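A.B. asks:
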Amino acid sequence: AQKITQTQPGMFVQEKEAVTLDCTYDTSDPSYGLFWYKQPSSGEMIFLIYQGSYDQQNATEGRYSLNFQKARKSANLVISASQLGDSAMYFCAMREGWSQGNLIFGKGTKLSVKP
Amino acid sequence: SQTIHQWPATLVQPVGSPLSLECTVEGTSNPNLYWYRQAAGRGLQLLFYSVGIGQISSEVPQNLSASRPQDRQFILSSKKLLLSDSGFYLCAWSARNYGYTFGSGTRLTVV
Numbered sequence: 005a006q007k008i009t010q011t012q013p014g015m016f017v018q019e020k021e022a023v024t025l026d027c028t029y030d031t032s033d034p035s036y037g038l039f040w041y042k043q044p045s046s047g048e049m050i051f052l053i054y055q056g057s058y059d060q061q062n063a064t065e066g067r068y069s070l071n072f073q074k075a076r077k078s079a080n081l082v083i084s085a086s087q088l089g090d091s092a093m094y095f096c097a098m099r100e101g102w103s104q105g106n107l108i109f110g111k112g113t114k115l116s117v118k119p
Numbered sequence: 028s029q030t031i032h033q034w035p036a037t038l039v040q041p042v043g044s045p046l047s048l049e050c051t052v053e054g055t056s057n058p059n060l061y062w063y064r065q066a067a068g069r070g071l072q073l074l075f076y077s078v079g080i081g082q083i084s085s086e087v088p089q090n091l092s093a094s095r096p097q098d099r100q101f102i103l104s105s106k107k108l109l110l111s112d113s114g115f116y117l118c119a120w121s122a123r124n125y126g127y128t129f130g131s132g133t134r135l136t137v138v
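Here the protein sequences line up with chains G and S, keeping their order.
In this text, residue positions in the first sequence follow this note's numbering: the first is 5, and each later residue adds one.
In this text, residue positions in the second sequence follow this note's numbering: the first is 28, and each later residue adds one.
(1) Which runs of the beta strand (DSSP E) spanning at least 3 residues fall entirely within the region 31-89 of chain S, listed in chain order?
(2) Would you grab the beta carbon distance between T51(S) and Q100(S) for me? Rounded to a whole angstrom, and I think it's under 8 Å.
(3) Count the other CB atoms within 10 Å of the CB of A119(S); is the residue buried (16 or more) or exposed (fewer)?
(4) Closer than 9 Å between beta carbons: that is the criterion. Which residues of the region 53-76 of chain S meet it against chain G?
(5) Identify whether G105(G) lies in helix, strand or coil by the three-state DSSP scheme.
(6) In whole angstroms, what is the alpha-carbon distance linking S35(G) and S77(S)?
(7) Using three-state DSSP, classify G56(G) as helix, strand or coil.
(8) Compute the Euclidean distance between the alpha carbons of S57(G) and E65(G), then round it to the nearest angstrom.
(9) K111(G) versus chain S: which residues are under 8 Å apart at the beta carbon?
(10) Return no unless some Cβ of chain G is closer than 7 Å to the Cβ of G79(S).
(11) I'd like to confirm the pairing. Which residues does DSSP put opposite Q73(G) in its beta bridges?
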């Protein structure tokens, strides 16, 4: 079974609107971390936001917020006020167990922002 | 501040030739180091990770090997490249209280 599932291969959003990118995860470990990365066409992986399994509040970083629903095992990324520069691949990833373990990635969602 | 360097940025190699990709980290000590590969249009697949000098764990048996000769140096190698080794290779590091930071990647094309 997949550990990280991103069901949206591609998404379109109008500039200045908000968009939600879905991510569900599967783990039996009570301690885990969830990450979102942005990958523009240049290929670099840019860290966006992190949510720990014991964090009580949803993580926010500027225009990025993570809608963490632990019981549903979902960690959706919300981008507010989309910009043309947000067009990129977005990957959800999970780290299970110990603090420096391997990151397991989803297959990604390609976001296209329309002017 | 911590930085990660990965080179070369692009590489075109013939089938059967050797490979050596290098990754170095600055500004931290005893980091965990990782090699990932990304096939075209796909997510990242972990190839190797290392928790210390000379300690290498392989996640996927294949034509590649990794070595960590120094604390902040991680090398990905192959003795004979296959066509299926083509892809985008990313090095990453992590340390306690820090997230995972990726290098800029190497785009390898085996011809």
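We put the beta carbon where it would ideally sit given N, CA and C, even for glycine.
This structure is a prediction, so every number in the text was calculated from the model and none was measured.
C.D. replies: Concretely, from the data shown:
(1) The region 31-89 of chain S contains, as complete beta strand (DSSP E) runs of 3+ residues, the segments 37-40, 46-53, 59-65, 71-79, 82-85 (chain order).
(2) About 5 Å; that satisfies the 8 Å criterion.
(3) It counts as buried.
(4) For the region 53-76 of chain S, the residues whose beta carbon sits under 9 Å from a beta carbon of chain G are, in order, P58, N59, Y61, Y63, Q65, G68, R69, G70, L71, Q72, L73, Y76.
(5) Of the three classes helix, strand and coil, the one that applies to G105(G) here is coil, per DSSP.
(6) For S35(G) and S77(S), the distance between alpha carbons rounds to 21 Å.
(7) In the structure shown, G56(G) sits in a strand (DSSP, three-state: E or B).
(8) Approximately 17 Å, taken between the alpha carbons.
(9) Those within 8 Å of K111(G) in chain S are R69, G70.
(10) Closer than 7 Å: no.
(11) The secondary-structure analysis by DSSP pairs Q73(G) across a beta bridge with S78(G).
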